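Undergrad: The structure follows.
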Amino acid sequence: MSRADNVRMLDSGPGASSWDAAGSIRQVLLPIGAIFLLSRAVLLLVGVLTAAQIAPSPEPAGHTLLSYLCRFDCAWYLSVAQQGYSTVESGAQPGATNLGFYPVFPLLVRLVSGLFNADLLHTAIAVSNACLYLALIYIYRYARLLGAEHNAALLGAGLLCVLPQSIVFSAAYSESTFLLLLAVAMFYLRRENYLIAGIAAALLSATRANGIFFIVFAVAWLIRSVGVRGLLTPWRAPEKIVPIVLAPMGLLVFWGYCFATTGDAFAGPSTMYHGWGWYFSPPWKELPAMLRSDGVAFLSGMSSLGLLACSLLLLRQRCYEEFALCAALIVLMMSAAVTGSLFRYGLVLFPLWIALARELAPRPVLAALSFSILALLNALMMSAWTLHNIIAI
Amino acid sequence: MDTAQHHRDLGRAWQRRLLFAALTLIVIGYCAAFALFVTRSQDFLVARYNEQALDFSRAHIVSAPAKLSFGLGELDNPRLGGGWHAPDPGGAWSQTVDAFVEIVVPREHAPLLLRFNATTAVLKQRPKMKVKAFINGVPAIRWVRYDPDASGSFDVRVPESEAKAGRLEIRLRVDHTASPFRLGAGTDGRQLGVLLHSIELLDADMSR
Chain A
19 MSRADNVRML
29 DSGPGASSWD
39 AAGSIRQVLL
49 PIGAIFLLSR
59 AVLLLVGVLT
69 AAQIAPSPEP
79 AGHTLLSYLC
89 RFDCAWYLSV
99 AQQGYSTVES
109 GAQPGATNLG
119 FYPVFPLLVR
129 LVSGLFNADL
139 LHTAIAVSNA
149 CLYLALIYIY
159 RYARLLGAEH
169 NAALLGAGLL
179 CVLPQSIVFS
189 AAYSESTFLL
199 LLAVAMFYLR
209 RENYLIAGIA
219 AALLSATRAN
229 GIFFIVFAVA
239 WLIRSVGVRG
249 LLTPWRAPEK
259 IVPIVLAPMG
269 LLVFWGYCFA
279 TTGDAFAGPS
289 TMYHGWGWYF
299 SPPWKELPAM
309 LRSDGVAFLS
319 GMSSLGLLAC
329 SLLLLRQRCY
339 EEFALCAALI
349 VLMMSAAVTG
359 SLFRYGLVLF
369 PLWIALAREL
379 APRPVLAALS
389 FSILALLNAL
399 MMSAWTLHNI
409 IAI
Chain B
-15 MDTAQHHRDL
-5 GRAWQRRLLF
5 AALTLIVIGY
15 CAAFALFVTR
25 SQDFLVARYN
35 EQALDFSRAH
45 IVSAPAKLSF
55 GLGELDNPRL
65 GGGWHAPDPG
75 GAWSQTVDAF
85 VEIVVPREHA
95 PLLLRFNATT
105 AVLKQRPKMK
115 VKAFINGVPA
125 IRWVRYDPDA
135 SGSFDVRVPE
145 SEAKAGRLEI
155 RLRVDHTASP
165 FRLGAGTDGR
175 QLGVLLHSIE
185 LLDADMSR
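Protein chains in written order, with the working numbering: chain A, 19 to 411; chain B, -15 to 192.
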């Protein structure tokens, strides 16, 4: 069996019938696993070195290696997993409550915490990393579905591991769960398995509110596959709109829960506004403000412009649906009046990284250079994360 | 004609119709739920702050003449309900379009006049701001300020029925909030509406 045949096992094609387990493990699962483990180990090492050499004060007693994976929002997610939702405000941050954090990730943590003797931090880290590994596999498969070569698809998965601030994929954060569900929803929609795509999309919108933007992708895909006329006559092939209809369900169920418990369906945005100062501001106002400022806000503005520029690669590769999704999410990022966290919001836009990998894969020197620069920036961000620096929030 | 094929096609057509009907029902459910959420939801933090302000005001009843001052370290700050930033020196900025103040006066109080001393967030880039005041939900006055005359005072005569009820829930509504930073007019990134310095309680009959 050829190498190409071996890698087909995790391949896209609806017609891919044979499953060569040994080949798939050797050609795909192992390389992805190796990138995943190596990148996590290096990041942890950077964290340890930073704490040992730069940190102004030593880590508190009882601190373990895994505590480097709990920074910033980690405590909020763990509080949801531990006590459920509460309207109690943080003493240090008036208006901030755990209602600002969507439920799928903490629910998953709570569900499997029994496996870790109810240790929520270890469970959360395990869930995050399991989701990341699965997401990388789906991203590989998705890249193959888009026609990427094996090496380009692997490079796409690898890039995700070295992107600046990719530590959040291994931390007690919801990013890796989001990444996995987005990849699964998009993959199965392209494979025309509408029910799985719809269920994943519904979970996605209950993982982070911006998961609702999957609809942009699904509508663009529908227009490309059946035309605008098909979109306007959904009764002819209703199965194709199942993912679109199911996608908002997670978000609406969470809103319903908030409404029933607090009388405020939009308790999430309310607490984000009062506690974190987050609100929607049109991108044509917000982006110039970011670029006028200095520090993190300026870097956030520049990085969102960089992401937008990167998304043009998707147009070049005729991935119009992926472009529509990424452009919509980038515009949303430019509309957030709080500029922190923008780096990690960009990480989950995996079609961008696949597009970049497809451009880089035929140019090994450029690929190695890009990989190294990103890894270096990632190390810097890991240091900032370890030191609780605001840039890594 | 292949009868079995015909039956299969018919079955598929029914399945399609059934699926479409189910999806339509789900969408209708979304719309109904969303309409309910939008019309019935109340910002839970604003509701809580209003409640806390009311509790404080009930415990600290005031009668005219009195002056309630707001700002960093002022004793009347707890009368501010939802919709305010943490007080600054000299006043408290409203954070949202609606901001609330709770005042409790003795029942059967004489007709009251409230004098608001305030500054609006008018900037060169947005030189006009409209402020409406409501007392217990009843529109009381409309106040408009233009750049550069951002500060001033306005009087609100409290309807007798409201003054007699004892509780005055004052809502200050601005037509927009502005962020000086986002408008390129300063470094303050907060959304600002009206800066409330003080509210004077006057006897309406005496002040005629």
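For glycine and all other residues, C-beta sits at the position ideal for the given N, C-alpha and C. Predicted model, so just to flag it, every value in this text is computed and none were measured.
For E153(B), which three-state DSSP category applies?
TA: Working through the second sequence from its first residue, we reach residue 153(B) at position 169. Looking at E153(B) - three-state DSSP - the assignment turns out to be strand.
Undergrad: Roughly how many whole angstroms lie between the Cα atoms of R89(A) and L63(A)?
TA: Start at 1 with the first residue of the first sequence, and residue 89(A) comes out as number 71. Start at 1 with the first residue of the first sequence, and residue 63(A) comes out as number 45. Going from the Cα of R89(A) to the Cα of L63(A) covers about 16 Å.
Undergrad: Alpha carbon to alpha carbon, how far is I391(A) from A346(A)?
TA: As a working mapping, residue 391(A) is identified with position 373 in the first sequence. As a working mapping, residue 346(A) is identified with position 328 in the first sequence. About 27 Å.
Undergrad: Please tell me whether L179(B) and W77(B) are closer than 8 Å, where the distance is taken between their beta carbons.
TA: Looking up residue 179(B) in the second sequence gives position 195. Looking up residue 77(B) in the second sequence gives position 93. In this structure, W77(B) lies closer than 8 Å to L179(B) by Cβ.
Undergrad: Hey, would you say S322(A) sits closer than 8 Å to M351(A), going by beta carbons?
TA: Numbered from its first residue, the first sequence carries residue 322(A) at position 304. Numbered from its first residue, the first sequence carries residue 351(A) at position 333. Yes, Cβ-Cβ distance for S322(A) and M351(A) is below 8 Å.
Undergrad: Just to confirm, is the Cβ distance from S163(B) to G173(B) under 8 Å?
TA: In the second sequence, residue 163(B) corresponds to position 179, counting from 1. In the second sequence, residue 173(B) corresponds to position 189, counting from 1. For the pair S163(B) and G173(B), the CB atoms are nearer than the 8 Å cut-off.
Undergrad: Counting only beta-carbon atoms, is L7(B) nearer than 8 Å to chain A?
TA: Here the question's residue 7(B) lines up with position 23 in the second sequence. At least one chain A Cβ lies under 8 Å of L7(B).
Undergrad: If the cut is a Cβ gap below 8 Å, which residues of chain A does A17(B) touch?
TA: Residue numbering aside, residue 17(B) sits at position 33 when the second sequence is read from its first letter. Neighbours of A17(B) on chain A, chain order: L270, W273 and G274.
Undergrad: Going by beta-carbon coordinates alone, are G268(A) and L221(A) separated by less than 8 Å?
TA: For the purposes of this step, residue 268(A) is taken as the residue at position 250 of the first sequence. For the purposes of this step, residue 221(A) is taken as the residue at position 203 of the first sequence. Yes, Cβ-Cβ distance for G268(A) and L221(A) is below 8 Å.
Undergrad: Count the C-beta pairs between the region 5 to 21 of chain B and the region 274 to 287 of chain A that are closer than 8 Å, then say yes if the count reaches three, no if not.
TA: yes
Undergrad: Shorter than 8 Å from the beta carbon of L156(B) to some beta carbon of chain A?
TA: Taking the second sequence and counting its residues from 1, the one referred to as residue 156(B) is at position 172. So, not an interface residue.
Undergrad: Name the two residues that bound the continuous beta strand (DSSP E) containing W127(B).
TA: As a position in the second sequence, residue 127(B) is number 143, starting the count at 1. Looking at the DSSP string, the run of the beta strand (DSSP E) that includes W127(B) is V122 to Y130.
Undergrad: Under a three-way DSSP split, which group does F123(A) fall into?
TA: In the first sequence, residue 123(A) corresponds to position 105, counting from 1. Helix at F123(A).
Undergrad: Give the secondary structure of R166(B) by DSSP, where H, G and I count as helix, E and B as strand, and everything else as coil.
TA: The residue labelled residue 166(B) in the question sits at position 182 within the second sequence. R166(B) falls in the coil class under three-state DSSP.
Undergrad: Under 7 Å Cβ-Cβ, which residues of chain A neighbour D27(B)?
TA: Numbered from its first residue, the second sequence carries residue 27(B) at position 43. Chain A residues near D27(B): D282 and S288.
Undergrad: Of all the options M400(A), G295(A), V127(A) and R44(A), which has the alpha carbon lying nearest to the alpha carbon of H168(A)?
TA: Here residue 168(A) refers to the residue found at position 150 when the first sequence is read from its first residue. Ranking the options by Cα distance to H168(A), first place goes to R44(A).
Undergrad: List the residues of chain A whose Cβ lies closer than 7 Å to the Cβ of I10(B), in chain order.
TA: For the purposes of this step, residue 10(B) is taken as residue 26 along the second sequence, with counting starting at 1. Residues of chain A passing the Cβ test: V263.
Undergrad: Distance cutoff 8 Å, beta carbons only. Does R(-4)(B) sit that close to anything in chain A?
TA: Mapped onto the second sequence, residue -4(B) falls at position 12. False, the Cβ-Cβ gap to chain A never drops below 8 Å.
Undergrad: Does DSSP put A83(B) in a helix, in a strand, or in coil?
TA: As a working note, residue 83(B) is residue 99 in the second sequence. Correct three-state label for A83(B): strand.
Undergrad: Excluding the 5 residues preceding and the 5 following S137(B) in the sequence, name in chain order all residues of the same chain whose CB lies nearer than 8 Å to its CB.
TA: Locating residue 137(B) in the second sequence gives position 153, counting from the first residue. Hits under 8 Å: R99, F100, N101 and A102.
Undergrad: Would a check of beta-carbon distances place Y130(B) closer than 8 Å to chain A?
TA: Here the question's residue 130(B) lines up with position 146 in the second sequence. It does not; no Cβ of chain A falls within 8 Å.
Undergrad: Report the option in L317(A), E257(A), V246(A) and A161(A) whose CA atom is closest to the CA atom of L377(A).
TA: Taking the first sequence and counting its residues from 1, the one referred to as residue 377(A) is at position 359. A quick correction: the sequence has Glu, not Leu, at residue 377(A). Closest option to E377(A), Cα to Cα, is A161(A).
Undergrad: Using only the alpha-carbon positions, how far apart do E428(A) and V234(A) sit?
TA: The question about residue 428(A) has no answer, for chain A in this structure spans 19 to 411.
Undergrad: If you reduce the DSSP assignment to three classes, tell me which class R58(A) lands in.
TA: On the first sequence, residue 58(A) is found 40 positions in, with the first residue counted as 1. R58(A) falls in the helix class under three-state DSSP.
Undergrad: So, is the C-beta of V106(A) closer than 8 Å to a C-beta in chain B?
TA: For the purposes of this step, residue 106(A) is taken as the residue at position 88 of the first sequence. For V106(A), the answer is no, since every Cβ of chain B falls outside 8 Å of its Cβ.
Undergrad: Compare the Cα-Cα distances from N116(A) to each of T289(A), S353(A), S388(A) and N407(A) and report the closest residue.
TA: Here the question's residue 116(A) lines up with position 98 in the first sequence. When only C-alpha atoms are compared, the closest one is T289(A).
Undergrad: Mind listing the chain B neighbours of V260(A)? Cutoff is C-beta to C-beta under 8 Å, in chain order.
TA: Looking up residue 260(A) in the first sequence gives position 242. The answer, in chain order, is L3 and L7.
Undergrad: With a cut-off of 8 Å, does the C-beta of E257(A) fall near any C-beta of chain B?
TA: By 1-based counting over the first sequence, the position of residue 257(A) is 239. Answer yes: the Cβ-Cβ gap between E257(A) and chain B drops below 8 Å somewhere.
Undergrad: On a Cα-Cα basis, can you pick out the residue from N147(A), P112(A) and F232(A) that is closest to L84(A)?
TA: Counted from its first residue, the first sequence places residue 84(A) at position 66. Considering only alpha carbons, the answer is N147(A).
Undergrad: Using the beta-carbon of each residue, which ones in chain B are nearer than 7 Å to S299(A)?
TA: Position 281 of the first sequence, counting from 1, holds the residue named residue 299(A). Ordered by position in chain B, the residues that pass the 7 Å Cβ test against S299(A) are R166.
Undergrad: Within the continuous beta strand (DSSP E) that includes S137(B), where are the two ends?
TA: Here residue 137(B) is taken as the residue at index 153 of the second sequence, counted from 1. Start and end: S135 to V142.
Undergrad: With DSSP run on the structure shown, which of helix, strand or coil describes T103(B)?
TA: For this step, residue 103(B) is matched to residue 119 along the second sequence. Note: T103(B) maps to strand in three-state DSSP.
Undergrad: Strictly under 8 Å for the Cβ-Cβ distance: is G118(A) near chain B by that measure?
TA: Sequence index remark: in the first sequence, residue 118(A) carries index 100 (1-based). No, G118(A) lies away from the interface with chain B (no Cβ there is under 8 Å from its Cβ).
Undergrad: Mind listing the chain B neighbours of H292(A)? Cutoff is C-beta to C-beta under 7 Å, in chain order.
TA: Numbered from its first residue, the first sequence carries residue 292(A) at position 274. What H292(A) touches in chain B: L29.
Undergrad: Under a CB-based cut-off of 8 Å, is P121(A) close to chain B?
TA: Indexing the first sequence from 1 puts residue 121(A) at position 103. No, no contact with chain B.
Undergrad: Using 8 Å as the threshold, is the C-beta distance between L107(B) and L156(B) below it?
TA: Locating residue 107(B) in the second sequence gives position 123, where the first residue counts as 1. Locating residue 156(B) in the second sequence gives position 172, where the first residue counts as 1. It is not a contact, given that the beta carbons lie outside the stated cut-off.
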